[in-house]
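Note that this note's numbering numbers the sequence shown so that position 63 is 61, with each residue one more than the last.
All C-beta atoms in this analysis are idealised placements derived from N, C-alpha and C, irrespective of residue type, glycine included.
Reviewing the structure listed below.
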Amino acid sequence: MTNEEFLEFWNSYKWTEAKPVYYRLYHDDAGKPLFYSGEDLPDRYIDVTPEQFALQDMAVQIVDGKIVRRRSTWINKLVPANSGTFCHSQDVAVVVTDQPGQYWEKKQNVIETN
């Protein structure tokens, strides 16, 4: 390839348009984070820095469009219950309908940190 051929190619080539890069934290109406994403999705979000995106810290809350570190955290735990998901009596990971089992429900505890 000669220099002229290369320059002709370079000047006439139709470059693909670069897609924008998104760093977003999607959250609910109360400001609780739902998930981080690099996609443009239809939901509530705030833009975050690449560093915040890399950390993907869920121990934050969104207040007035800004990330605020929470002073408490939520711990989720499955507990026996009278209603909820019916599981095998020996393995909570196996959902059953026709054999002896136990109902389980998710309980959320809030733990205060400094």
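- In the assembly as shown, ILE109 is an exposed residue. Its beta-carbon has fewer than 16 other beta-carbons within 10 Å.
- If you draw a straight line from the Cα of CYS85 to the Cα of VAL93, it comes to about 4 angstroms.
- Rounded to the nearest whole angstrom, the C-alpha separation of GLN88 and THR71 is 30 angstroms.
- The three-state secondary structure of GLN50, taken from DSSP, is helix.
- DSSP places GLU37 outside both helix and strand once states are collapsed to three, so it counts as coil.
- Here the segment 22 to 31 makes contact with the segment 52 to 68; the two share three or more CB pairs at distances below 8 angstroms.
- Around the beta carbon of ILE73, fewer than 16 other beta carbons sit within 10 angstroms, so the residue counts as exposed.
- ASN80 carries a coil assignment under DSSP once its states are collapsed to helix, strand and coil.
- For GLU6, the enclosing alpha helix (DSSP H) starts and ends at 1 to 10.
- Under DSSP, PRO31 forms a beta bridge with HIS25.
- Counting of Cβ neighbours within 10 angstroms places VAL46 among the buried residues, the total reaching 16 or more.
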